[in-house]
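The sequence shown begins at 8 in our numbering and counts up by one.
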Amino acid sequence: MSADLAGVRAVLAELAEGAGERDRTGEHPYALIQKLADAGFGRLRVPREFGGFDVTLPELFELLAEAGQADSNVPQIWRGHFTTTEILRKEHDQGVREKWFRAIGEGAVFGNAQSEPSALAAEGAVTRVRTGADGRRLVDGTKFYSTGARFADWIRAAVTDDDGNRGFVVIPARHPGVTHVDDWDGIGQRQTGSGTTIFTGVPVEELGDVGRYREALAGLDSFVQIVHLANLAGIARNLVAETVTLVRGRTRTSLHGLTGSAAEDPEVLGVIGTLQARRLVADTLLRHAAERLEAAHHDGDFTRAYQETSAAQIASIEAVLDAAAIAFDALGSSAARNTVHLDRHWRNARTLASHNPVIYKPRVVGDYLVNGRAPEPGYYRGRSSGSS
8 MSADLAGVRA VLAELAEGAG ERDRTGEHPY ALIQKLADAG FGRLRVPREF GGFDVTLPEL
68 FELLAEAGQA DSNVPQIWRG HFTTTEILRK EHDQGVREKW FRAIGEGAVF GNAQSEPSAL
128 AAEGAVTRVR TGADGRRLVD GTKFYSTGAR FADWIRAAVT DDDGNRGFVV IPARHPGVTH
188 VDDWDGIGQR QTGSGTTIFT GVPVEELGDV GRYREALAGL DSFVQIVHLA NLAGIARNLV
248 AETVTLVRGR TRTSLHGLTG SAAEDPEVLG VIGTLQARRL VADTLLRHAA ERLEAAHHDG
308 DFTRAYQETS AAQIASIEAV LDAAAIAFDA LGSSAARNTV HLDRHWRNAR TLASHNPVIY
368 KPRVVGDYLV NGRAPEPGYY RGRSSGSS
């Protein structure tokens with residue numbers, strides 16, 4: 008990797024030190040996320056002309072895996088930010104592109120606000136943009152799964168206008184009309200700030216319409232999933248490292264053990280070997296999916312990228328969840344204590360695996376292979392082409 012990212016990696020090392028305890032206590036890593044931003048993490052995909060590192064997609068996802076290894080909340084907190092930088096890289100409006108790349112190049116962080124609470128959405132109460140008395144456009148509504156918004160300077164919010172058109176607008180994350188509710192109660196990924204965000208008359212920024220045309224959204228259906236694949240790979244790496252450390256430090260062994268030392272026990276060593284195999288599955292599939300998406304930005308075959316990302320999702324989830332469950336077989340009952348924090352790996356992986364439900368992906372892949380059918384990317388719905 009050509010970019011000098013020593014500062015970023017130093018902050019990731021700090022995040023790793025307290026990750027288990029933060030999971031236990033529920034402490035959000037606000038200061039460390041800001042420190043990561045100050046080190047340039049948010050500029051990874053920003054072009055060099057705007058002060059960024061301009062890393063490739065495989066490089067980005069490798070760094071996100073490193074972040075996931077340190078603390079799996081980190082890639083998810085930044086997922087909305089990096090989705091925004093991907094949109095900006097293909098943004099049709101050069102004024103919009105330059106304004107927000109310059110802001111990110113100076114350290115600005117974006118959060119996410121796309122999903123509507125299901126009860127409100129069913130009633131048609133979607134987040135809307137309206138024109139106020141002074142002519143300014145204002146946003147009103149409620150968002151759930153607004154991951155990263157609590158840590159952000161700006162929010163890319165999905166909105167609907169009075170004509171029913173969908174789009175993304177940029178609004179200030181710390182405006183008085185923005186209320187961040189810390190109500191995410193998931194079993195894992197507890198420090199991602201993935202709770203409710205309420206907008207009441209929040210102004211849309213000048214040049215705040217991003218990704219109006221589908222060309223700017225090409226590949227995003229794969230991109231957002233590969234962020235999770237990177238995170239899962241990071242969890243697998245951390246799981247192997249922590250389990251190895253725990254086995255080395257274990258002073259007791261089982262009545263049926265063949266040796267007096269857990270570190271010499273053949274069955275225990277076999278568990279460690281299996282964990283490493285599962286880790287390599289996650290790493291290999293992450294690299295393949297990342298390289299395929301990078302290629303799609305050159306050859307235009309985003310359908311293939313999505314299909315291969317979906318197949319990678321199936322196998323990565325199986326591998327990492329299996330590893331997170333069997334790690335306990337290498338250890339004694341003490342590994343189930345809260346202070347050991349080993350359970351967080353399964354909870355975090357299980358929570359990540361619940362995004363973009365994997366149960367549909369085998370059928371999606373099979374339908375494409377047999378019948379040549381592929382689903383339309385959700386990001387394209389309601390978006391026109393900039394060339395039409």
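Note that beta-carbon positions come from the ideal geometry of N, C-alpha and C, so glycine has one too.
Looking at the DSSP output, F151 shares a beta bridge with S122. When the Cα atoms are used, Y220 and G200 turn out to be separated by approximately 29 Å. Using a 10 angstroms sphere on the CB of P65, the tally of other CB atoms reaches 16 or more, which defines it as buried. Annotation for H305: the continuous alpha helix (DSSP H) segment containing it runs 273-306. Take A74, set aside five residues on each side of it, and the residues of its chain with a beta-carbon closer than 7 Å to its own are L19, V81, P82, G241, in chain order. Taking all protein chains shown into account, D192 has fewer than 16 neighbouring C-beta atoms within 10 Å of its C-beta and is therefore exposed.
Shown here, H235 sits in a helix according to DSSP, grouped into three states. Contact annotation: A334 and T250 have beta-carbon atoms nearer than 8 Å. Taking a contact as a CB-CB distance under 8 Å, the pair K150 and A180 does not count as one, their CB atoms being some 12 Å apart. L227 and E93 have their C-alpha atoms some 8 Å from each other.
Beta-bridge analysis with DSSP links P210 to L145.
With 16 or more other Cβ atoms inside 10 Å of its own Cβ, I324 counts as buried. Of the residues D374, L43, T154, the one whose Cα lies closest to the Cα of E123 is T154. Boundaries of the beta strand (DSSP E) around P179: 173-179. Secondary structure note for V372: it is in no beta strand (DSSP E), and the uninterrupted alpha helix (DSSP H) holding it is 368-378.
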